[in-house]
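Working notes for the structure below.
Numbering (our numbering), first residue to last: 49 to 361.
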């Protein structure tokens, strides 16, 4: 296979990585498995253009991106429905979609696993036609991200500290959104401080990410209270994967969700894969089964035994 590698040199752990040595590691590991890897290192301001240009190439089999969840989401959106596969080198703070694909979080181990990996078709979702691989949310999450982006942080730990401050501020001034939601034809009207919809249902007892990237369904999570203590506990339960046992969270499954918003329009009141966006008067969220090709570790637990035996080439 031929692999185009794009490293966001300003992203997460790559900012403090010896990129000369890391590039040599990537090229050497893939060559060891019979593949050709060409590595490009780009600034964060140039990452979108570099990804979009690479996604149009017809001479590559895999676009391997190194960066955080935003970089991964950009690449996935560019590759949805295309024959070129997405590969991920997790270099962000959370690396949630990489965790779903069971890619090792340490970069050298990730390179080794992907060099011996196989191509797999997984699910991707869209909101009003815009792809996302992890989550679309309105309410508290969007307010938290907006507040966090106002704070000055220059490192991974700085971002985590800013996130904590933003969560505490959001809890003190909780939003209330009024919506009508249609889940595969089941329609209801409600008020909630937070609504999230994920590309496949979250797993339990870990950070909020899906265990099966080919589960074929959206996860819908609706906070049912505005009591500060209860919402704070729910926030912790979601972070630690105990959300299923929390009485303040209603969980549903569907393949298509339509959300109509009522009340005042608020700029940047939605967040898609961690990035702020405008919520239109209506959001249509659709799951697209196996519409994204990815490079996955051969031993990932969601793969069948037959798939594990396939060659990556």
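Just so you know, even glycine gets a beta-carbon here, dropped at the ideal spot from N, CA and C.
Cβ-Cβ distances below 7 Å link residue 282 to 271, 294, 296, 297 in the same chain, with the five nearest sequence neighbours on each side left out; the list follows chain order. With a cut-off of 8 Å on Cβ pairs, the segment 112-123 is in contact with the segment 140-152, counting three or more such pairs. Non-local beta-carbon contacts of residue 249 in its own chain, meaning distances under 7 Å to residues more than five positions away in sequence, involve 258, 263, 265, 267, 301 in chain order. For residue 78, there is no enclosing beta strand (DSSP E); the residue is found in the alpha helix (DSSP H) stretching over 67-80. Our two residues, residue 238 and residue 280, have alpha carbons roughly 21 Å apart in a direct line. In the DSSP annotation of this structure, the continuous segment of the beta strand (DSSP E) that includes residue 331 starts and ends at 330-344.
With fewer than three CB-CB distances shorter than 8 Å, the segment 101-116 does not count as touching the segment 171-180. In this structure, residue 56 places its C-beta atom within 8 Å of the C-beta atom of residue 95. With contacts defined as CB atoms closer than 8 Å, residue 80 and residue 162 fail to qualify as a contacting pair.
Judged by DSSP secondary structure, residue 126 falls within the alpha helix (DSSP H) whose first and last residues are 117-127. C-alpha of residue 51 to C-alpha of residue 83: approximately 7 Å in a straight line. For residue 240, same chain residues with a beta-carbon under 8 Å away, outside a window of 5 residues either side, are 187, 224, 225, 227, 270, 271, 272 in chain order. Restricted to the segment 219-282, the beta strand (DSSP E) segments that are unbroken, complete and at least 3 residues in length are 225-231, 234-240, 242-247, 266-271, listed in chain order.
Using a Cβ distance threshold of 8 Å, residue 318 and residue 185 count as a contacting pair.
The beta carbon of residue 149 is closer than 8 Å to those of 136, 170, 261, 342, 344, 345, 348 in its chain, skipping five residues each way along the sequence.
Around the beta-carbon of residue 70, 16 or more other beta-carbon atoms lie within 10 Å, marking it buried. Leaving aside the five residues that flank residue 244 on each side, the residues in its chain whose CB is nearer than 6 Å to its CB run, in chain order, 183, 185, 269. Residue range 323-325 is occupied by the beta strand (DSSP E) that includes residue 324.
The Cβ neighbour count for residue 208, taken over all protein chains shown within 10 Å, is under 16; the residue is labelled exposed.
Distance from the CA atom of residue 311 to the CA atom of residue 329, rounded to whole angstroms, is 10 Å. Sorting 54, 53, 242 by C-alpha distance to the C-alpha of residue 218 places 242 at the top.
If the five residues before and after residue 77 are omitted, its C-beta is found closer than 7 Å to the C-beta atoms of 159, 160, 163, all from its own chain and listed in chain order. In terms of Cα proximity to residue 54, the closest of 212, 139, 246 is 139. Between residue 167 and residue 340, the gap from beta carbon to beta carbon reaches 8 Å or more. Nearest C-alpha to residue 255 among 235, 287, 234, 230: 287.
As the crow flies, the alpha-carbon of residue 331 is around 43 Å from that of residue 73. Secondary structure of residue 51 (DSSP, three-state): strand.
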